[in-house]
Every structure is written in structure tokens, then in C-alpha cells.
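Undergrad:
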Amino acid sequence: MSPSVPRRTLPAAILATATALLMTACGSSSLPAAAGSGGAANSDAYQHVLDTAPVADASEMPEGSLMATIKARGQLVVGGTDTAAVFSLTDPMTGRTTGFDAGLAAMLAKYITGKTDIKLTQVQVANREALLQNGAVDTVFATYTINAKRAQLVGFAGPYYSSGDAILVKKADNSITKVADLNGRKVCTESSSTAAQDIKEHAPGAELVLFDTNSQCVQAVQQGRADAYVLDQAILLGDAYREPDKVKVVGQPFTTEPYGIGLPLNHPEMKTFVNNWLKKIEADGEWAALWQATVGAILPGPVPAPPVIGSVAGS
């Protein structure tokens, strides 16, 4: 998924470039949101979440609502990506897109239409609002950070996930588990990232080491030239997914990036509907089960409490 540009300029550009390389000429594809070896580390558990996901009562989707339009169409059109490990990644062998965001999108599709099939339209940071405004997509699942400026252009349900700066270390290193442990250690991050300032603020005793790219930072940790790497958790989880025997992400984020589900601003009924659906799957344990099958398979520790819906300015 494409992180927010203001906080993570370089990583967002990298992800956007990767997305662009994989886009089709029309920018969309129809993919079954089923389990595979893409973004779901535990495919059986992932599939079980989809199989047992709820379906809304017809009374929740009155005539004239966006939900009724989607149900009549028979398919939810989702703006997202298929290159974000752990969140929404397509297995090139099966064509299946899985992950935390992909799973939520499939569950929302089932809640409305009774089927987990979605039509995935590739989005980039620069065009998410436009695609929602012109009706090209029904919703956006794209590690889409909620803020007041964006909320003037689109609606946001959620937040459904809270990310932020996290810590990546060598797989065998158990000496660093929280941000305070970074003091007195060599800590790297990307030179264009705001994470450098966050490290100075939260671990003033750390020795800061800057590199130009994500891969250089990961290599520095693997080679012992840095004790830890700090950046947005969503990006670090992707690194740990690709190098599971060499690195790991520890602890919870120590800054906050609230992710929301992007919706058309002119359909407030859809926002209410999606928020009620989020509350339902959180209360019933389905949010936690999906987290365990995706993010939790990479990130050690207990399932975090979901962020409070409507708790962020713009949500």
C-alpha cells in the first residue's frame, strides 16, 4: 500500500513506482480475494476468516444508497495495490491477492454482495481522492492515512488500523524491544524520512545513521553496521516478510499513523454503514483473526486493540 506522502516521501515514491510497473493499461483488474501465498502468512486461517465473514441484512442497504448500488452490481470496486507485502500482495502464480487490507476489502464485499470477489483498481498516492470523487472506485483500502485536509475531499471510515514508526532488528537480537532500548545504539533510517526527527525525539541517546534507501537500511542491520532500523511499520513488516530468517519487527509503533477506509464524500450513508461493519467485525473477533493471519504472523506479540472508530480528526 502506498504510505502517506507527507510523512514518508521516499518510501511512498518507491511503492508508487512498483505499483505503476504492475498496472495494466486500464489500471484495474478483477481478482478473487482468496487465500494464497501472497500477503497472508497463514493461508488456512486467512481463508477461514473470509468463509465465516458476515453478510448484511437487506434492511441495512436501503434503495438509493451506495450499498444498494454495489449489491445490484454484484461486485465491490476497490482502489488499492497488489504489491504491498502483508497488507495487499498478489501471488503471481495464483493471481490471488491477500493481506490485511485485501482481507478487509474482501470481507466488506461479502458483507454487501454476499461474495468476497472484488474488482481491484490500482491506485497511487496522487490519484486516490480523484478516483473516489469521480466514482471510479467505491472505496479505497491503501494504508490511507486519515487527516483533516484529505477529509475535505473524501470520506473516511475508521480508523481501522494504527501504524507509525516501528523498529526492525536482526532476527536473533532480543535486546531491543521498545523505543527506549534504542538509546546508546546505532539506529538507521532513510535520509528523506521524518523518522529521523522521531528518533531524536523518542530516543535522544541513539546514534543516528542515515541511508538513502530502504534496502540499504535493512542491509546495515543484517551486517551489524546498525543495531536497528526505524521507519513506518507497514514498510518494515514488508521487509520482515521478505527476509523472515534474517530480520524481525519488534514492539508496537511509537508514533501514530491512523489508516482509514476511503469513501466518496457525497455518500455519508456508506460511511455509517462501513463504520457499523467495522464495529461488528471488531466485536465478533474477526478483525483480530484477520490480523493474526496476516500482520500477526510477521509481528510477534498479542493482537493489538483496534483504534477507536471516529477518534481521529477527519474520521
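Numbering-wise, the sequence shown is residues -35 to -1, 1 to 280 according to mature numbering (1 follows the signal peptide of the UniProt record, and there is no 0). Where a beta carbon is used, it is the ideal one built from N, C-alpha and C, also for glycine.
1) On a CA-only basis, which of GLY275, VAL14, SER30 and SER8 is nearest MET235? Give me that one, please.
2) Does the beta-carbon of GLY203 have 16 or more other beta-carbons within 10 angstroms, so that it is buried, or is it exposed?
3) Rounded to whole angstroms, how far is the Cβ of ALA21 from the Cβ of TYR76, which I believe are closer than 8 Å?
4) Please name the residue in LEU41, VAL90, ALA91 and ASN92 whose C-alpha comes closest to that of ALA67.
5) Taking DSSP's pairing of strands, which residues face GLU222 in a bridge?
6) Report the rounded CA-to-CA distance for LYS80 versus ALA116, giving the unit in angstroms.
7) Once the 5 residues before and after PRO272 are set aside, which same chain residues still bring their CB inside 8 Å of it?
8) From MET72 to PRO19, what does the alpha carbon distance come to, in whole angstroms?
9) Which runs of the alpha helix (DSSP H) fall wholly inside the region 31 to 89 and span at least 4 residues, in chain order?
10) Sorted by chain position, which residues of the same chain lie with C-beta nearer than 6 Å to ALA185's C-beta, five sequence neighbours on each side aside?
11) Could you tell me which residues DSSP puts in a beta bridge with CYS153?
12) If you drop the 5 nearest sequence neighbours on each side, which residues of the same chain put their C-beta closer than 7 Å to that of THR221?
13) Could you spell out the range, first to last residue, of the alpha helix (DSSP H) harbouring ALA101?
14) Among the residues of its own chain, which have a CB less than 7 Å from the CB of ALA101, if the five just before and after it don't count?
15) Pick out whichever of LYS244, LYS143 and ASN240 has its Cα sitting closest to the Cα of ALA131.
16) Please report the Cβ distance between LEU147 and ALA193, rounded to the nearest whole angstrom; I am assuming they are in contact, meaning their Cβ atoms lie under 8 Å.
17) What does a CB cutoff of less than 8 Å around residue 332 pick up in its chain, not counting 5 residues either side in sequence?
18) Measure the CB-CB distance between GLU172 and ARG150 and report whether it falls below 8 Å.
19) Out of VAL119, PRO57, THR78 and PHE52, which one is the CA nearest neighbour of ARG38?
20) May I have the straight-line CA-CA distance separating LYS135 from VAL212, to the nearest angstrom?
TA: By the coordinates alone:
1) SER30
2) buried
3) 5 Å
4) LEU41
5) SER128
6) 29 Å
7) GLY123, PRO124, TYR125, TYR126, SER127 and PRO223
8) 8 Å
9) 31 to 38 and 65 to 78
10) CYS153 and ALA191
11) VAL174 and TYR194
12) SER127 and GLY129
13) Note, ALA101: premise wrong, no alpha helix (DSSP H); not H, not E.
14) THR86
15) LYS143
16) 6 Å
17) Here the chain comprises residues numbered -35 to 280, so residue 332 is not present and cannot be evaluated.
18) yes
19) THR78
20) 4 Å
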